[in-house]
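Numbering (UniProt numbering), first residue to last: 1 to 705.
#1: Residue 418 by DSSP, collapsed to three states: which one?
#2: Go through its chain and collect everything with a Cβ distance to residue 358's Cβ below 7 Å, but skip five positions before and after it.
#3: Just to confirm, are residue 227 and residue 259 a CB contact at a threshold of 8 Å?
#4: Compute the Euclidean distance between the alpha carbons of residue 262 and residue 230, then round it to the nearest angstrom.
#5: Is it true that the CB of residue 516 sits closer than 8 Å to the CB of residue 708?
#6: Using only CA atoms, which one of 270, 417, 223 lies nearest to residue 256?
#7: Given a cut-off of 8 Å, decide if residue 293 and residue 437 are closer than it, judged by their beta-carbon atoms.
#8: Does the beta-carbon distance from residue 250 to residue 111 come in below 8 Å?
#9: Should residue 402 and residue 411 be called a contact, given that it needs their Cβ atoms to be closer than 8 Å?
#10: So, at 7 Å on beta carbons, what are the nonlocal neighbours of residue 104 in its own chain, with the 5 sequence-adjacent residues on each side left out?
#11: Taking DSSP's pairing of strands, which residues face residue 175 in a bridge?
#12: What residue range is occupied by the uninterrupted beta strand (DSSP E) comprising residue 437?
#13: Am I right that residue 328 and residue 305 are in contact with their C-beta atoms under 8 Å? What's the rounded C-beta distance?
#14: Below 8 Å between beta carbons: does that hold for residue 314 and residue 386?
#15: Does the stretch 92-109 come close enough to the stretch 234-248 that 3 or more CB-CB pairs lie under 8 Å?
#16: What is the residue span of the beta strand (DSSP E) that residue 314 lies within?
#17: Do residue 268 and residue 195 have their beta-carbon atoms positioned less than 8 Å apart in this structure?
#18: Determine the extent of the beta strand (DSSP E) in which residue 149 is found, giving its start and end residues.
#19: Would the stretch 198-205 count as touching the stretch 131-139 if we require 3 or more Cβ pairs under 8 Å?
#20: Taking its Cβ as the centre, do 16 or more other Cβ atoms sit within 10 Å of residue 102, making it buried, or is it exposed?
#21: What is the rounded straight-line gap between the Cα of residue 182 and the Cα of residue 162?
#22: So, with DSSP's three-state summary, where would you put residue 115?
#23: How about residue 210 and residue 180: do their beta carbons lie closer than 8 Å?
#24: So the candidates are 296, 331, 354, 370; which of them puts its Cα closest to the Cα of residue 320?
#25: Excluding five sequence neighbours on each side, which residues of the same chain lie with their C-beta closer than 6 Å to the C-beta of residue 186?
#26: Rounded to the nearest angstrom, what separates residue 170 and residue 115 at their Cα positions?
#27: I need the DSSP call for residue 700, collapsed to helix, strand or coil.
#28: Reducing DSSP to helix, strand and coil, say where residue 72 ends up.
#29: Is the Cβ-Cβ distance between residue 416 and residue 316 less than 8 Å?
#30: What residues match up with residue 277 in a beta bridge as DSSP calls it?
#31: Looking at the secondary structure, which residues open and close the alpha helix (DSSP H) in which residue 185 lies?
#32: Which first and last residues belong to the beta strand (DSSP E) in which residue 138 is found?
#33: So, is residue 430 buried or exposed, given that buried needs 16 or more other C-beta atoms within 10 angstroms?
#34: Quick check on DSSP: helix, strand or coil for residue 389?
#35: Once you ignore the five residues that flank residue 158 on each side, which residues in its own chain have a CB closer than 6 Å to its CB?
#36: Using 8 Å for Cβ pairs, my map puts residue 149 next to residue 83. What's the rounded Cβ distance?
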């Protein structure tokens with residue numbers, strides 16, 4: 001379901017009143033007897049008269065416009081004849097307004113300030129005069145005579161592609177210098193000599209710092225899309241490069257908007273510039289329509305897919321690189337050929353993606369704002385803003401991808417309910433008038449919305465995708481059949497050649513050729529039979545393995561899903577090496593927090609939990625099983641004589657010390673009586689009685705002090 005705001009009232013719906021003619025008065029007179037019969041003929045004559053009048057008025061208006069604005073050709077602008085012929089060969093005969101206004105002043109060597117929206121034809125307006133002025137000059141190594149600065153790599157390549165045919169006509173060499181490509185190739189081209197450099201600021205500055213390029217001979221410097229350079233933060237590099245250009249040369253600057261930074265560039269580098277403003281950045285292009293579609297969050301993805309499934313080239317704008325990859329993947333999963341384009345891709349990947357989009361192998365391009373600034377592709381008739389633009393300048397740059405060079409285009413922005421006010425404020429700042437549509441469901445469109453966007457249902461897209469896949473499979477099958485026929489023909493030729501050679505060899509040996517051929521055929525048949533039997537054995541073995549695997553899986557399912565590789569008691573003869581017998585029921589012992597002291601096995605008494613219970617084995621009955629238990633072996637438990645056993649470093653003399661250790665540990669502790677052995681467990685007290693000395697019982701490395 002879709003709700004559309006009422007369209008404006010058209011003048012043709014309410015024709016202007018005209019003075020009644022004499023024939024009409026006569027036909028309408030009641031006293032005329034033939035009025036009833038002649039009424040239809042009179043009405044038809046009146047309609048014919050109105051249409052004729054309207055046609056005459058339209059023709060007169062067109063003739064007046066043509067008289068007011070005479071047709072101008074590129075030859076009238078002063079361009080070289082070779083360039084004019086090349087333009088005619090490419091189907092370009094009449095210049096666009098920005099070209100007709102700019103080319104004469106640029107050919108005269110004046111500084112030019114051009115303001116026009118993206119896609120208004122600015123490339124030829126500054127490129128053709130540059131080629132004409134540099135024609136006939138001398139190409140020098142590392143010293144270009146013209147420089148064109150662009151904000152992005154894609155724009156640099158597209159400017160070069162647009163000017164290269166005309167440069168070849170005049171014998172001028174152009175070279176693209178941008179990041180993401182081989183610097184060695186660029187340096188090599190500069191060594192051979194280049195007339196015009198189409199460059200991005202960063203790479204050109206690197207080449208200048210390396211000494212591979214000099215701007216001392218630059219006659220014309222052109223700054224294209226200056227507002228985009230300001231948005232991307234390139235103006236410091238641009239000013240650094242323009243400072244290296246000799247004074248007195250020609251400078252041209254083109255921008256869609258005139259911001260404060262751009263105005264400072266104009267005042268600093270342009271001398272008495274001639275300003276030309278055509279289709280300025282208000283976005284009011286008569287061939288472009290703007291629409292805002294309000295969708296619910298859950299319907300945004302289906303609506304995007306349905307619109308992207310339309311026929312024709314479409315650019316979808318998103319806010320982030322991750323969003324571009326995600327939307328492109330979703331579209332591909334739905335059967336829509338789509339690719340992502342963003343700054344996180346390598347230059348090679350971006351170039352391939354743009355080439356696929358231009359060649360029609362991909363119908364949908366999902367791009368971010370920064371990457372899309374360099375997309376100058378003709379034939380894009382729809383721009384879809386999945387995420388709203390950051391500001392009105394970004395919106396105008398997005399919209400400029402369509403309705404280029406006088407073509408028609410549509411810009412559609414998807415808005416969530418809470419984004420409506422933001423988007424309409426953005427439209428107001430951009431100076432565009434957009435119609436609003438409310439989408440009720442993501443998979444159902446009314447005729448109006450389908451007409452605007454060309455949206456198609458997912459089922460239709462999948463059907464088309466399946467049909468394309470079927471055609472591709474049929475083409476591959478035909479190709480394979482042709483290859484099979486060729487191989488069969490080649491095999492027959494080789495078979496015939498082998499027969500002839502066998503017969504020749506038999507004649508050379510003096511044998512019967514027919515018998516030799518028959519023997520060879522029999523041997524070959526036997527070999528083929530052996531190969532067939534071997535293949536049958538392999539297939540039988542594989543079938544047996546598959547059957548065995550299926551039986552094993554079926555047995556596992558019968559056991560409740562337990563795998564055949566699980567450990568079973570019957571595999572070990574119902575014996576478990578780690579289980580304990582007796583009344584423990586397989587319990588291995590150990591510590592369990594959920595077992596109370598009174599419930600412990602062996603009927604253990606509470607008196608054995610005391611530290612002085614009198615038994616050091618913890619009630620294990622001398623058994624070594626059960627593992628180590630901290631509550632059974634304590635520091636105060638002693639064997640006979642109170643000795644805990646174990647190795648004591650200070651409890652041995654030299655004669656009984658194991659391994660013949662050194663004597664440095666025989667020293668008695670300081671301050672002890674001579675009769676006291678340092679390893680005793682009780683030191684002599686004040687009255688001769690022994691008192692416990694816990695410090696002396698510790699090893700030396702454990703003592704404090």
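A virtual CB, placed ideally from N, CA and C, is assigned to each residue, including glycine.
Here's the rundown:
#1: In the three-state reduction of the DSSP assignment, residue 418 falls in the helix class, which pools H, G and I.
#2: Correct list, in chain order: 377.
#3: The beta carbons of residue 227 and residue 259 sit closer together than 8 Å.
#4: So the two alpha carbons sit approximately 8 Å from each other.
#5: Summary: the structure shown does not reach residue 708, with the chain confined to residues 1 through 705, and so no result is reported for it.
#6: Ranking the options by Cα distance to residue 256, first place goes to 223.
#7: Result yes, Cβ atoms of residue 437 and residue 293 sit closer than 8 Å.
#8: Less than 8 Å divides the Cβ of residue 250 from the Cβ of residue 111.
#9: Yes.
#10: Result list for residue 104: 77, 78, in chain order.
#11: The secondary-structure analysis by DSSP pairs residue 175 across a beta bridge with 197.
#12: Residue 437 -> beta strand (DSSP E) spans 434-439.
#13: Contact flag wrong, Cβ pair sits at about 12 Å.
#14: Taking 8 Å as the Cβ cut-off, residue 314 and residue 386 do not qualify as a contacting pair.
#15: Not touching, per the Cβ criterion.
#16: Unbroken beta strand (DSSP E) run through residue 314: 313-317.
#17: By the CB criterion at 8 Å, residue 195 and residue 268 fall outside the cutoff.
#18: It spans 146-149 - the beta strand (DSSP E) in which residue 149 sits, taken as one unbroken run.
#19: No, they do not touch.
#20: Label assigned to residue 102: buried.
#21: Between the alpha carbons of residue 182 and residue 162 lies a distance of about 22 Å.
#22: The three-state reading of DSSP puts residue 115 in strand, counting E and B together.
#23: No, the pair does not count as a contact, with Cβ atoms beyond the cut-off.
#24: The shortest C-alpha separation from residue 320 is found at 370.
#25: Sequence-distant partners of residue 186 (beyond 5 residues in either direction) whose C-beta falls short of 6 Å from its own C-beta, in its chain, are 177.
#26: Spanning the two alpha carbons is a distance of roughly 28 Å.
#27: Note: residue 700 maps to helix in three-state DSSP.
#28: Secondary structure at residue 72: coil, using DSSP grouped into helix, strand and coil.
#29: Between residue 416 and residue 316, the C-beta spacing is not below 8 Å.
#30: When DSSP reads this structure, residue 277 sits in a beta bridge with 115.
#31: 183-192 is the span of the alpha helix (DSSP H), which, as asked, contains residue 185.
#32: For residue 138, no beta strand (DSSP E) segment is defined, and its DSSP state is neither H nor E.
#33: In the assembly as shown, residue 430 is a buried residue. Its beta-carbon has 16 or more other beta-carbons within 10 Å.
#34: Residue 389 falls in the coil class under three-state DSSP.
#35: Excluding sequence neighbours, residue 158 sits near 376.
#36: About 23 Å; that fails the 8 Å criterion.
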